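Just below is one structure, and these are the notes that go with it.
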Amino acid sequence: MRVTSLFVANLLVTLAATASTFLNGIFTIFDDSNGDKFGIGTSGPLLGLIEIRPNATTQWFIEPVPGSASQVIIRDPESNKYISFPGLKEGATATLTETTPTVITISPVGNLRFQFTSGLVCTIERHSTVDLRWVWRLRGNPDRPYKRKLISMLGKPSPQPSEHE
4 MRVTSLFVAN LLVTLAATAS TFLNGIFTIF DDSNGDKFGI GTSGPLLGLI EIRPNATTQW
64 FIEPVPGSAS QVIIRDPESN KYISFPGLKE GATATLTETT PTVITISPVG NLRFQFTSGL
124 VCTIERHSTV DLRWVWRLRG NPDRPYKRKL ISMLGKPSPQ PSEHE
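Okay, here's the thing in structure tokens:
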């Protein structure tokens with residue numbers, strides 16, 4: 004099982020940036036352990052789920068929640084569907100939704116890292132013993148010593164608007 008890290012109602016995300024930079028724009032999201040990219044499952048049981056694969060071409064639009072430069076949601080700009088963990092519980096697999104995005108709180112420190120405040124961790128693991136494709140899933144064992152916890156993002160953040168704009 005590969006791990007990224009995670010959150011429960013608000014995902015704490017850290018990223019290399021200055022305090023005057025926030026996430027607003029198009030980004031590619033990578034599994035930091037091997038460079039595979041986050042994409043959208045297109046067939047079988049992974050249809051509509053977030054799938055991690057080397058040849059994914061999906062770019063994600065990350066946008067701030069209105070009124071906050073530190074909280075964001077992530078959506079697929081082609082379908083306008085959002086990344087969501089249904090139920091935010093053990094075993095939930097990231098999917099796309101039209102109505103219920105997962106809100107992520109960012110803080111500018113180091114590589115982009117996801118961490119759930121409830122003790123859940125966001126793992127990259129096989130969908131099942133039969134379907135060996137990788138998915139993004141929530142797990143509830145905070146004491147397990149995961150080796151791979153980072154997600155990288157490639158894109159150019161927009162400057163944060165000043166208070167007078």
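Going by the numbering used here, the sequence shown wraps up at 168, each residue one higher than the last.
For every residue, glycine included, the Cβ atom is placed at its ideal position computed from N, Cα and C.
Since the structure is predicted, the reported quantities are computational estimates derived from the model, not experimental observations.
Per DSSP, GLN62 lies in no beta strand (DSSP E) and is assigned neither H nor E. Taking PHE41 as reference, the option from ILE53, PRO48, PHE30, THR100 with the minimal CA-CA separation is ILE53. Secondary structure at GLY42: strand, using DSSP grouped into helix, strand and coil. Look at LEU50 here: in three-state DSSP terms it is coil, with no helix or strand label. The three-state secondary structure of LEU141, taken from DSSP, is strand. In this structure, GLY28 sits away from ILE77, with a CB-CB distance that is not shorter than 8 Å.
For TRP63, same chain residues with a beta-carbon under 8 Å away, outside a window of 5 residues either side, are ILE29, PHE30, THR31, ILE32, PHE41, ILE77, ARG78, ASP79, PRO80, ILE86 in chain order. THR61 and ILE43 have their C-alpha atoms roughly 7 Å apart.
Between VAL106 and VAL68, the C-beta spacing is below 8 Å.
Shown here, LEU99 sits in a strand according to DSSP, grouped into three states. Here LEU49 is buried: its Cβ has 16 or more other Cβ atoms, across all protein chains shown, within 10 Å.
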